[in-house]
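In this text, residue positions in the sequence shown follow numbering that gives the first Met the number 0: the first is 0, and each later residue adds one.
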Amino acid sequence: MKRSGKLLAMTIIAVVVLVAAVISSQRKSATPEFERALLFPDFRGVINDISTLSLKSGDLALTIVRDEDQWVIAEADNYVADIAKIRQVLIEVAELEVIEAKTSKPDRYATLGVEDPGAKGSQSVLLEIKRTDGSPQLSLIIGKRQLSSSPGAKPGRYLRFPGKEQALLVSGQLDVGSDVVSWIDRDLLNIDPARVSGVGIEHPDGSIVELSKVPGNDDLVLAKLPDGKEAKDPTVLNRMKDILKNIRIENVMKGDSTVLQLTPTMTTVTTADGLIARIRSAPIEDATWVSFSFEYDSEKATKMDSEQAQKGTNAGLSGDQEQPADVGQEVIKLQSKTAGWLFRLPDYQLELITRTLDRLSQDKLASSDKKDP
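Rendered as structure tokens:
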């Protein structure tokens with residue numbers, strides 16, 4: 000009995016192994032096999048010959064074209080695109096690796112986000128890439144991300160070739176969008192707060208904000224206060240030095256200050272080294288847009304250079320120290336980048352540019368209410 004029992008157990012194990020092998024074989028034959036290989040093995044070699052990226056999703060369409068040493072966005076009046084993002088996307092396309100084949104059933108496409116990009120409510124994005132001669136290089140329907148639960152595993156992305164039924168899972172990020180904001184060069188300008196020596200804001204209602212530095216004091220001082228008002232703490236006023244720090248745009252369109260209404264908010268920022276920035280802001284439809292213009296006050300710059308040279312001589316500094324930046328050239332570059340354009344800014348930056356007097360002042364405290372320093 001013991002021997003027959005052992006034989007029976009061994010027979011059962013053998014049958015189970017055989018069934019598992021058959022099932023595994025059937026699964027493999029039902030699903031096309033893909034080696035873990037590059038999806039576009041030759042793409043890296045032609046990256047420098049790519050000239051156009053087209054993206055479509057639902058009603059949105061975007062065309063990004065290489066124009067000599069920069070890329071521009073046709074739907075943004077040929078404003079400059081973010082070249083770092085374009086480079087990243089092209090490299091990611093070159094590095095896509097096939098992980099496995101997925102569904103070939105159209106009714107399952109939406110689950111992976113690889114449905115027809117032109118369909119109503121579609122979340123997929125059609126990416127088309129062309130070469131300099133206008134010939135198509137590749138086109139892809141980009142679907143949802145596949146997040147792995149395994150620690151350290153690479154993220155995946157679902158894709159499908161237009162006109163093909165088979166969806167694929169590939170390794171790689173490939174984050175693309177078909178909206179303008181995703182692709183514009185958002186970094187507009189950055190003026191060091193330490194350079195700012197004065198800020199003036201004229202509001203359409205006639206109210207004026209005027210801040211400036213006084214000799215021997217690095218703090219901004221609020222001038223022309225109404226009766227019964229006093230300036231808030233210096234830390235509040237000095238926040239205005241950040242007015243042109245790291246300006247990042249949210250949208251852009253062709254136009255200049257003449258497009259803005261007749262009574263915009265006028266903001267003037269001056270620096271100790273002669274830079275003058277003039278900013279006009281006004282609503283157009285449901286959003287506030289701003290224009291920038293820049294000038295160079297050479298007399299002010301010369302005066303500052305003279306004062307700094309005198310300080311350096313008195314302090315015994317050597318002539319090998321770093322010289323001030325060429326503000327005149329800086330103004331030319333800023334004008335070239337901003338002239339003829341209107342910009343939308345983040346709310347916090349727009350608020351700083353259009354800050355009102357009540358944000359910088361307060362009711363005067365009675366002498367008895369003031370705390371001793």
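Beta carbons are placed, not taken as given, at the ideal position from N, Cα and C, and that holds for glycine.
| query | result |
| --- | --- |
| Judging by CA-CA distance, which residue of Val251, Pro161, Gln348, Ser123 is the nearest neighbour of Lys240? | Gln348 |
| Among all the DSSP beta bridges, which residues are the ones paired with Trp340? | Lys253 |
| Considering Cα atoms alone, identify which of Glu298, Leu364, Gly273, Glu294 is closest to Val195. | Gly273 |
| Please report how far the alpha carbon of Leu261 lies from the alpha carbon of Arg65, in whole angstroms. | 37 Å |
| Roughly how many angstroms separate the alpha carbons of Lys153 and Ser170, rounded to a whole number? | 6 Å |
| Please classify Ser134: is it buried, with 16 or more other beta-carbons within 10 angstroms of its beta-carbon, or exposed? | exposed |
| Quick one: what's got a C-beta closer than 8 Å to Ala60's C-beta in the same chain, skipping five residues either side? | Ser53, Leu54, Glu74, Ser177 |
| So for Leu274, helix, strand or coil by DSSP? | strand |
| When burial is assigned at 16 or more other CB atoms within 10 Å of the CB, is Pro203 buried or exposed? | exposed |
| Tell me whether Ile190 is buried or exposed, calling it buried when 16 or more other Cβ atoms sit within 10 Å of its Cβ. | buried |
| Please list, in chain order, all residues of the same chain as Asn313 whose beta carbon is under 6 Å from its beta carbon, the five residues on each side excluded. | Bear in mind that the predicted position of Asn313 carries a pLDDT of just 46, short of 50, making it unreliable; the figure below should be weighed with that in mind. Taken in chain order, the list of residues that qualify is empty. |
| Whose C-beta lies closer than 6 Å to the C-beta of Ser147 among residues of the same chain, with five residues either side of it excluded? | none |
| Return the residue from the list Ala276, Ile90, Thr266, Lys84 that minimises the CA-CA distance to Asp41. | Ile90 |
| Drop a sphere of 10 angstroms on the beta-carbon of Leu364, count the other beta-carbons inside from all chains shown, and report buried for 16 or more, exposed for fewer. | exposed |
| What does DSSP give as the partner residues of Glu201 in its beta bridges? | Ile207, Met265 |
| I'd like to check one pair, Ile63 with Ala36: are the Cβ atoms closer than 8 Å? | no |
| Helix, strand or coil, according to DSSP, for Gln87 in the structure here? | helix |
| Taking a contact to mean a Cβ-Cβ separation below 8 Å, would you say Ala259 touches Trp288 in this structure? | In the sequence as displayed, the identity of residue 259 is Leu instead of Ala. Result yes, Cβ atoms of Leu259 and Trp288 sit closer than 8 Å. |
| For Leu243, which residues from the same chain have a beta carbon less than 7 Å from its beta carbon, with the 5 sequence-adjacent residues on both sides left out? | Leu188, Ile190, Val268, Ala276 |
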